[in-house]
Every structure is written in structure tokens, then in C-alpha cells.
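Peer 1: Numbering (full-length UniProt numbering), first residue to last: 1 to 327. Please find one structure pasted underneath; my questions will follow.
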């Protein structure tokens, strides 16, 4: 469905954007593939890999999602938008709340309105498990972002379809704990673990991209698509990266949870199982996506009670597949 189409990725120079562009160029032949981001250096570095000369469809737009006028210029003639731009660092968001709000909430509102006015066919926003029952500002802003995308299907009075994809920690992405563990291992220091009971959902970068691209086929508008992915224990991850190395418990940081949730018991009343994914259906207007089996009432999708787990051997194999140095 992407052949001959124009696709724009906000925050396109991030970990997700780079992998997404790599996969689209391998599997599809888009008319235009646009990177929209505000960092000129990262765009320059990205052009060394995905050069417009080599890949005639590539375009690079410097811009900020806070700048509505720039979005209108960038969205002209665009068929599909992947909204990946966000301020994501939890401590930075706590210390700079207004900046996080302006980007994650104000920026998303700008995208919703510009996409509607420019005739974009579909827009998919990337969410996070931290948006569910949030305990930090970053999660709260992403919850607002999700709500804006969902509500846009009812109030924009246009043909644009807006959907949300929600998943957990992305292996080896920027901000992942993996590089930090590797650095401590290489320096011969004990690995710093916040809490030995901590669990997280885990997905590879490639899996997250395939899910987002698949969501364009599944999206009917207003749903939140959630993948069925495994959980892992932070202690198992440490053992996979540095077998036998000592660890030290440093305590949970402000705004962190012991376990993450992607679907709450309250959401279960309007959540269906469509096989590879769960779908949280919109509550305020008709659902137009694929049909599925309703989950049991009171169902909760939590990293601590998940049925699927990655143990140390599986984590090591997955890390190797992702090119992570675990030697």
C-alpha cells in the first residue's frame, strides 16, 4: 500500500525513524519518503546513509512539530504520516514540563489539524506503555497525545484516519538501559539495577517498525493497537549482558514503575483480541477496524503478569540478533 505514495515521518532521525526508512526502502517503492525533524546535524548524518541521490524518493525537512505553518508546508501532497516526534526522557520532562507539553501535546494538536487540512489519508501516532495510568509528566503528555489522535476522528470533519500504536521498551534504542549496562560491564563496575523486582515489556526496533507499518492496513480510526510481546526481568537482562557480574540496587527513579501496563482493567470493556494484537476500540464513536474476540472483563495487560517471558538465553539470542555486543 506504500508503493507510489508519499510518507512523512516526524522525528524521523531517531532510532525508530532510521529503521523505518531502512525497511520501507527495502520492501516498498514510495513516491516520496520525507524525514521531518529539527536537528540539522542528524539530518546531515542520515543523508550520508539514505542519500537523495541514491534514493530519489528521499526528502529532508528541517522543522519542529510546534511550528504549525511549517507542518502545513511539509504535509502538502502527503498520503501517510507516522508521528514519532516527542520529548521522551522522563527526568528531563520532570525538570522541563512546559517544553515537554509544548512538543508532545501542542505538537500533536498541530499535526492533527495540519493533516486534516492537507488531506492526509492516514496518520499513526507512536505511543508508549508509560501513557497508561501515568505517574510521570512524559507519560501524562503521551496520554494526552493519544486522546488527541483518537478524538480527531470525530471532530476534524475530514476523511483523515487517525490511529495510535502503543508498545513497550524498544531494545537497543536511544535511551535504552542496554548501552548503560554494557558501559558498566566494560569498565568492570557492578551493574546498577533500580529494583530487582522490576519488569518491562520488550520489543525489537524492527518489530516495532513492522507493527506500525501493519497498522496502516488495520486502522479504521480511533483505535489503539497493542502488540502481544514478551516481558523480561531487569535482573535477567543484566545477567544476559554481563553473566556473573555483580549488581547493585540503586532504587527506583522518580516517575518510574515496578511494572508497566499497556491495557488496564477499565480498558478491557472495549478491548478485542485480533490475533497478533489487541485493539482498544474508541468509546465515543463507531469502531471501523478489524473484528476480534472481546477480552475477559477485568483483563489487564501488565509486564509483571504477562504470560510470555524472555529468560536469559532468549535475551542473549535476541541481543545478538540485534547486533548488541554481549561478548
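Ideal Cβ positions, reconstructed from N, Cα and C, are used throughout, including at glycine.
Have a look at residue 199 and residue 243 and give me their C-alpha separation to the nearest angstrom.
Peer 2: Near 19 Å, if we compare the C-alpha coordinates of residue 243 and residue 199.
Peer 1: Tell me whether the region 257–275 and the region 307–324 touch, counting them as touching only if at least three CB pairs, one residue from each stretch, are closer than 8 Å.
Peer 2: No, the region 257–275 is not in contact with the region 307–324.
Peer 1: Could you have a look at residue 235 and say whether DSSP puts it in helix, strand or coil?
Peer 2: In this structure, residue 235 counts as helix in the three-state DSSP scheme.
Peer 1: Looking at the structure shown, is residue 326 part of a helix, part of a strand, or coil, going by DSSP?
Peer 2: Coil.
Peer 1: With DSSP run on the structure shown, which of helix, strand or coil describes residue 274?
Peer 2: Reduced to three states, the DSSP call for residue 274 is coil.
Peer 1: On the three-state DSSP scale, how would you describe residue 76?
Peer 2: Three-state DSSP puts residue 76 in coil, outside helix and strand.
Peer 1: For residue 250 and residue 62, I'd like the C-alpha separation in whole angstroms.
Peer 2: Each residue's alpha carbon lies about 40 Å from the other.
Peer 1: Buried or exposed: residue 223, going by 16 or more other Cβ atoms within 10 Å of its Cβ?
Peer 2: With 16 or more other Cβ atoms within 10 Å, it is buried.
Peer 1: Which one of 18, 54, 117, 21 has the shortest CA to CA distance from residue 68?
Peer 2: Comparing Cα positions, the closest option is 117.
Peer 1: Look at the alpha carbon of residue 3 and the alpha carbon of residue 31, and state the distance between them as a whole number of angstroms.
Peer 2: Cα to Cα, the separation comes out at about 7 Å.
Peer 1: Could you check the C-alpha separation between residue 234 and residue 225 for me, to the nearest Å?
Peer 2: Looking at the two C-alpha atoms, the distance is approximately 25 Å.
Peer 1: Spatial neighbours of residue 19 within its chain, please: CB distance less than 7 Å, with the 5 preceding and 5 following residues excluded, ordered by chain position.
Peer 2: 205, 206, 209.
Peer 1: Could you give the distance in angstroms between the alpha-carbon of residue 83 and the alpha-carbon of residue 310?
Peer 2: Taking the straight line from one Cα to the other gives about 29 Å.
Peer 1: Do residue 294 and residue 272 have their beta-carbon atoms positioned less than 7 Å apart in this structure?
Peer 2: For residue 272 and residue 294, yes; Cβs fall inside 7 Å.
Peer 1: Are residue 66 and residue 14 close, meaning C-beta to C-beta below 7 Å?
Peer 2: Not in contact: residue 66 and residue 14 (Cβ atoms no closer than 7 Å).
Peer 1: Run through the region 73–132 for me and flag every whole beta strand (DSSP E) of 3 or more residues, listed as ranges in chain order.
Peer 2: The qualifying runs are 80–83, 122–128.
Peer 1: When the Cα atoms are used, what is the spatial distance from residue 177 to residue 86?
Peer 2: The straight-line gap from Cα to Cα measures roughly 19 Å.
Peer 1: Report, in whole angstroms, the separation of the C-beta atoms of residue 72 and residue 35, which I expect to be a contact under 8 Å.
Peer 2: Wrong, their Cβ atoms sit about 17 Å apart, outside the cutoff.
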